[in-house]
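From first to last, the protein sequence lines stand for chains B and S. Per full-length UniProt numbering: the first sequence = residues 1 to 293. Per full-length UniProt numbering: the second sequence = residues 1 to 263.
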Amino acid sequence: MDAWGALLDAFSLPFMSRALVVLLVLSLVAGIVGVLVNLRGLEFISDGLTHAVFPGIAIGFVWGGREGLFAGAIVAAVLTAIVLAVLMRKAVPVDAAIAIVFTAMFSIGVIVVSRQTNYVGQLEQLLFGRLLTISVVEVVQTIVICAIALLLVGVTLKEQLFRAFDRTGFSAVGYRPFVLDLVLNVAIALVVVAASSAVGTLLVLAVLIVPGAVARLVTVRLWLLFPVAAVFAAVAAWLGLSLGYVASVGAGINLPSGATVVLVLVAGYALALVGRLLLDRLRAPQPRPAAVL
Amino acid sequence: MNENDSQPRTAAPLALHVAGASFAYAQTPALEDVAFDLRAGEAVALIGPNGSGKSTLLKGVLGLIHRTAGTVEVLGESPAPAGAVGYVPQADELDPEFPVTLEQVVMMGRYRSLGWLRLPGKRDRAHVAAALEAVGLSERARTRFGELSGGQQQRGLLARALASGPRLLLLDEPFNGLDQENRNALVDTVKRLKADGVAVLISTHDLELARDVCESVLLLNGGQVAFGPLDEVLSLENVQRTFRSVGVELDEHTVVVPSHTGH
Chain B
1 MDAWGALLDA FSLPFMSRAL VVLLVLSLVA GIVGVLVNLR GLEFISDGLT
51 HAVFPGIAIG FVWGGREGLF AGAIVAAVLT AIVLAVLMRK AVPVDAAIAI
101 VFTAMFSIGV IVVSRQTNYV GQLEQLLFGR LLTISVVEVV QTIVICAIAL
151 LLVGVTLKEQ LFRAFDRTGF SAVGYRPFVL DLVLNVAIAL VVVAASSAVG
201 TLLVLAVLIV PGAVARLVTV RLWLLFPVAA VFAAVAAWLG LSLGYVASVG
251 AGINLPSGAT VVLVLVAGYA LALVGRLLLD RLRAPQPRPA AVL
Chain S
1 MNENDSQPRT AAPLALHVAG ASFAYAQTPA LEDVAFDLRA GEAVALIGPN
51 GSGKSTLLKG VLGLIHRTAG TVEVLGESPA PAGAVGYVPQ ADELDPEFPV
101 TLEQVVMMGR YRSLGWLRLP GKRDRAHVAA ALEAVGLSER ARTRFGELSG
151 GQQQRGLLAR ALASGPRLLL LDEPFNGLDQ ENRNALVDTV KRLKADGVAV
201 LISTHDLELA RDVCESVLLL NGGQVAFGPL DEVLSLENVQ RTFRSVGVEL
251 DEHTVVVPSH TGH
């Protein structure tokens with residue numbers, strides 16, 4: 001009772017409600033985009049994107065402060081999304097090339113930030129986010145970026161699913177996979193950008209990948225995947241934020257909110273995995289079936 | 001039916017016209033100098049060993065790979081008119097864990113004519129139901145695609161191609177590893193499509209099948225070995241030239257080629 005009351009009070013604090021709004025918007029969109037990441041097997045590419053966006057964020061931050069952060073990130077993200085779509089056109093495996101380019105870009109970001117006076121503090125904020133000090137302007141920016149990502153995926157959703165299921169059949173009826181790859185990459189990149197101020201560029205990967213993976217464990221029904229992933233992500237976000245608040249206010253333990261949200265996501269995945277394994281075991285045929293007929 | 005049925009079959013319009021066509025992946029030539037015609041309501045069997053260019057030719061007709069020379073016309077047009085060509089890939093190239101039902105896979109065949117942003121409506125669902133009916137899988141509509149047997153998956157992909165109402169159908173090794181029941185179902189469907197005026201191009205290792213459903217045969221081995229009416233083209237000499245080192249037996253009625261199941 002008191003805990004609930006304390007939580008309701010908590011979200012009436014402006015910084016907590018801003019954090020909640022950002023996280024809810026982010027998790028809904030990341031959940032939906034994340035289902036496509038899962039169906040296409042783009043986890044590695046997404047990881048690469050989070051690294052590649054970092055120098056953009058760093059340069060934007062150095063150039064224009066916190067207001068320049070999003071601009072720099074979007075430029076880097078869209079550029080990277082295009083390069084990736086071009087690389088994915090080639091049939092040859094490009095994992096090594098992607099890994100090399102992205103870690104190089106990440107290093108550039110670190111060097112850019114290290115030239116700042118308050119190096120450690122800045123780097124930490126960029127990598128791990130600063131959920132509780134998000135400004136109203138940043139909330140609006142996050143919502144706009146998420147809305148664009150959602151629009152990109154929404155407009156192409158049935159085609160994205162067709163392409164994910166059967167690339168050859170998809171091109172055979174006259175679609176161009178390159179266009180769809182580009183759209184999806186840009187959407188992923190935008191989610192990475194949107195999440196960078198809230199949970200940081202490193203933790204965004206969990207927000208992008210875990211909800212989709214959970215949805216795959218929970219259902220095999222195509223159109224249920226999206227609401228399941230989005231709702232799971234939103235619940236985890238709310239729970240993580242609440243836990244962080246309760247721990248720091250109630251118990252005096254200072255839990256970084258971004259990381260807490262990620263751990264709640266991962267715990268949810270572990271639960272879903274155990275549940276799925278148990279269900280499969282229950283449904284599996286018995287080792288000694290009764291006589292047939 | 002037409003009262004005046006004395007017209008010869010060859011008067012049927014050309015569904016596919018290929019002349020002097022060569023195809024290449026990047027800079028590597030894959031198939032050279034192919035020429036054949038396929039008329040509405042007829043079927044051509046593409047026969048050749050693995051790597052002989054059967055899939056290359058199908059992809060070339062679809063415009064998925066680069067044509068370096070010659071002509072490919074579908075219904076007299078190049079590139080093919082939108083929606084005219086249906087393609088049935090090999091089912092075993094698809095992820096069996098993908099969370100789609102058979103019905104949803106078949107609906108994908110409607111997407112192109114639906115266009116972006118529009119969701120399938122009553123008419124599309126009717127086309128899907130008809131396509132499932134045509135391949136005899138209506139009762140499996142709600143089954144997850146990956147839970148179907150290999151043969152049923154193959155028929156499901158045929159239904160997806162049919163849902164778009166194609167005039168030319170390309171089948172890539174549709175009979176690989178099929179049991180008798182699925183094979184018969186597929187043969188029946190192809191025969192019915194031909195009766196409806198659909199032209200069919202089938203790549204296969206199965207000469208028996210070619211005899212069952214095709215009027216003509218195109219023998220491939222990196223290039224065209226022979227093309228023509230089935231009985232003329234399937235000579236011992238031609239088949240030996242096509243399958244070179246592979247042992248071939250040929251008697252009056254059957255051609256026996258060691259199976260190339262590939263798996």
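We put the CB at the ideal spot given by N, CA and C, even for glycine.
Does residue i pass the burial test, meaning 16 or more other C-beta atoms within 10 Å, or should it be called exposed?
i, result
"residue 329 of chain B", "This structure cannot speak to residue 329 of chain B, because chain B is shown only from 1 to 293."
"residue 89 of chain S", "buried"
"residue 33 of chain S", "exposed"
"residue 224 of chain S", "buried"
"residue 208 of chain S", "exposed"
"residue 180 of chain S", "exposed"
"residue 100 of chain B", "exposed"
"residue 176 of chain B", "exposed"
"residue 249 of chain B", "exposed"
"residue 215 of chain B", "buried"
"residue 136 of chain B", "exposed"
"residue 174 of chain S", "buried"
"residue 16 of chain S", "buried"
"residue 253 of chain B", "exposed"
"residue 39 of chain S", "buried"
"residue 133 of chain B", "exposed"
"residue 164 of chain S", "buried"
"residue 36 of chain B", "buried"
"residue 203 of chain S", "buried"
Is there at least one Cβ from chain B nearer than 9 Å to residue i's Cβ?
i, result
"residue 164 of chain S", "yes"
"residue 67 of chain S", "no"
"residue 93 of chain S", "yes"
"residue 98 of chain S", "yes"
"residue 154 of chain S", "no"
"residue 85 of chain S", "yes"
"residue 198 of chain S", "no"
"residue 174 of chain S", "no"
Give the single residue among the options whose Cα lies nearest to the Cα of residue i.
i, options, result
"residue 169 of chain S", "S:83, S:51 and S:116", "S:83"
"residue 138 of chain B", "B:238, B:20, B:283 and B:282", "B:20"
"residue 41 of chain S", "S:65, S:14, S:160 and S:28", "S:14"
"residue 222 of chain S", "S:53, S:91, S:17 and S:142", "S:53"
"residue 88 of chain B", "B:132, B:78, B:128 and B:42", "B:42"
"residue 11 of chain B", "B:242, B:120, B:103 and B:107", "B:242"
"residue 111 of chain B", "B:71, B:54, B:83 and B:130", "B:54"
"residue 186 of chain B", "B:67, B:35, B:13 and B:84", "B:84"
"residue 145 of chain B", "B:271, B:17, B:225 and B:73", "B:73"
Indicate the three-state DSSP secondary structure (helix, strand or coil) for residue i in the structure shown.
i, result
"residue 24 of chain S", "strand"
"residue 16 of chain S", "strand"
"residue 9 of chain B", "helix"
"residue 162 of chain B", "helix"
"residue 131 of chain B", "helix"
"residue 49 of chain S", "coil"
"residue 127 of chain S", "helix"
"residue 203 of chain S", "strand"
"residue 88 of chain S", "strand"
"residue 30 of chain S", "strand"
"residue 270 of chain S", "Any question about residue 270 of chain S goes unanswered here, given that chain S covers just 1 to 263."
"residue 43 of chain S", "strand"
If we cut at 9 Å on Cβ distances, does residue i have a partner in chain S?
i, result
"residue 220 of chain B", "yes"
"residue 169 of chain B", "yes"
"residue 279 of chain B", "no"
"residue 43 of chain B", "no"
"residue 159 of chain B", "yes"
"residue 175 of chain B", "yes"
"residue 164 of chain B", "yes"
"residue 37 of chain B", "no"
"residue 269 of chain B", "no"
"residue 131 of chain B", "no"
"residue 213 of chain B", "no"
Is the closest heavy atom of the ligand GDP to the C-beta of residue i under 8 Å?
i, result
"residue 236 of chain B", "By its list of ligands, the structure shown contains no ligand whatsoever, and the ligand GDP lies outside what it can speak to."
Query raised in the report: Would you call the segment 113 to 124 of chain S and the segment 60 to 72 of chain S touching, i.e. three or more CB-CB distances under 8 Å?
Result: no
Report task. Count the C-beta pairs between the segment 45 to 62 of chain B and the segment 155 to 167 of chain B that are closer than 8 Å, then say yes if the count reaches three, no if not. Result -> no
Query raised in the report: Looking at C-beta atoms only, is the number of pairs between the segment 230 to 250 of chain B and the segment 180 to 187 of chain B that lie closer than 8 Å three or more?
Result: no
Query raised in the report: Are the segment 20 to 35 of chain S and the segment 277 to 285 of chain B touching, with three or more C-beta to C-beta distances below 8 Å?
Result: no
Query - Cβ contact (3+ pairs, closer than 8 Å) linking the segment 88 to 104 of chain S and the segment 154 to 165 of chain S - result: yes
**Report entry** Contact the segment 58 to 71 of chain B vs the segment 264 to 274 of chain B: 3+ CB pairs below 8 Å
**Finding:** no
**Report entry** Segment contact flag, the segment 177 to 193 of chain S with the segment 127 to 138 of chain S, C-beta cutoff 8 Å, min 3 pairs
**Finding:** yes
Requested in this report: Report yes or no: do three or more beta-carbon pairs, one from the segment 42 to 50 of chain S and one from the segment 212 to 219 of chain S, lie closer than 8 Å?
Outcome: yes
Requested in this report: For the segment 203 to 210 of chain B and the segment 28 to 38 of chain B, state whether three or more C-beta atom pairs, one from each stretch, are separated by less than 8 Å.
Outcome: yes
Query raised in the report: Is there contact between the segment 125 to 132 of chain B and the segment 195 to 204 of chain B, where contact requires at least three CB pairs shorter than 8 Å?
Result: yes
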